[in-house]
Amino acid sequence: MTGMKEGAGDDPFADDPEEERSEQAVDERQPADTPHADTSSGGPAASLEEPAVQSDRQYPYFLTRDTVKEGRTNEAVFFLRDQYATHEDDVHDAVEELLGDDVYLTDLREAMVATADAEAIAAQLREWGHGVK
């Protein structure tokens with residue numbers, strides 16, 4: 286690079302072999318304060334070590350995924366009556382306002398299922414006629 290200073294535009298790993306880079310990336314993801322238990326005895330301390338895969342989870346799923354569908358293998362299709370589709374839109378807007386951030390509809394729906402109260406759902410379904418014999 287002629288006429289340019291070395292700096293932010295340079296790839297600091299340009300001369301490193303690919304294998305060395307991936308090892309370095311794994312090292313960077315591991316938490317700095319991980320306890321180093323003595324596992325030579327094979328005792329209970331050996332079971333305290335978490336597999337390397339777990340180290341990714343030091344950050345929330347939302348921050349570590351590459352796409353909104355990553356890790357979601359179940360495709361759900363929602364058929365809603367107009368009044369509930371409108372309500373979903375209103376909830377979506379309210380959640381985005383509370384978070385101060387854009388929220389994908391897929392994330393919103395998954396959060397709604399994750400926080401759902403089975404008794405409240407059953408009560409709503411009874412109101413709609415479920416369980417009536």
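Whatever position you read off the sequence shown (first residue = 1), add 285 for this note's numbering.
Glycine included, every Cβ here is placed at the ideal spot set by N, Cα and C.
Which of the three DSSP states is assigned to residue i in this structure?
i, result
"Tyr-344", "coil"
"His-372", "helix"
"Leu-365", "coil"
"His-415", "coil"
"Ala-407", "helix"
"Asp-392", "helix"
"Thr-267", "No answer is possible for residue 267: it lies beyond the span of the chain, which begins at 286 and ends at 418."
"Glu-382", "helix"
For the ligand PLP, is there any heavy atom lying closer than 7 Å to the beta carbon of residue i?
i, result
"Tyr-389", "Only the bare structure without any ligand can be found here, which leaves the ligand PLP out of the picture."
Looking only at its chain, what residues have a beta carbon closer than 6 Å to the beta carbon of residue i, apart from the 5 residues adjacent to it on each side?
i, result
"Leu-410", "none"
Enumerate in chain order the residues of its own chain whose CB-to-CB distance from residue i is below 8 Å, with the five nearest sequence positions on each side excluded.
i, result
"Thr-377", "The identity of residue 377 in the sequence shown is His, whereas the question assumes Thr. Excluding positions up to five away in sequence, the list reads Val-388, Leu-390, Leu-393."
"Val-353", "Tyr-389, Thr-391, Asp-392"
"Glu-395", "Arg-357"
Just checking my contact of residue i with residue j at CB under 8 Å: how many whole Å lie between their CB atoms?
i, j, result
"Tyr-344", "Gly-356", "Between Gly-356 and Tyr-344 the Cβ distance is about 14 Å, and since that is not below 8 Å, they are no contact."
Does the CB of residue i have a neighbour CB from chain C at under 8 Å?
i, result
"Ala-405", "Among the protein chains of the structure shown there is no chain C, as only one such chain exists."
Do three or more CB pairs link the segment 377–388 to the segment 402–411 at distances below 8 Å?
no
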